[in-house]
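K.L.:
Numbering (our numbering), first residue to last: 895 to 976.
The following block contains the structure, expressed as structure tokens.
Listed below in structure tokens is the structure:
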């Protein structure tokens, strides 16, 4: 099954750019997941298990490295990349 996820990350800190960039860099390490970023969100595309594993690992990494952050995610069935 294919999955599309749109993720927005909101660090609860004055220095917000590095935590966002770090999260995106971690996502890009997952070769089985297509990652497209823009100024408002990051979109993930791929097989359900691959996308969910990447997202789970990167969210955990982000919490451990940066502390309090907010993630807003939208999950859509299918590969809806542009």
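For glycine and all other residues, C-beta sits at the position ideal for the given N, C-alpha and C.
1) According to the Cβ coordinates, are residue 898 and residue 944 closer than 9 Å?
2) At the level of alpha carbons, what is the spacing between residue 955 and residue 933?
3) Are the Cβ atoms of residue 936 and residue 900 separated by less than 9 Å?
4) Output the distance between the C-alpha atoms of residue 915 and residue 903, rounded to the nearest integer angstrom.
5) With DSSP as the reference, please indicate the residues paired to residue 941 in a beta bridge.
P.N.:
According to the structure shown:
1) no
2) 22 Å
3) yes
4) 10 Å
5) 896
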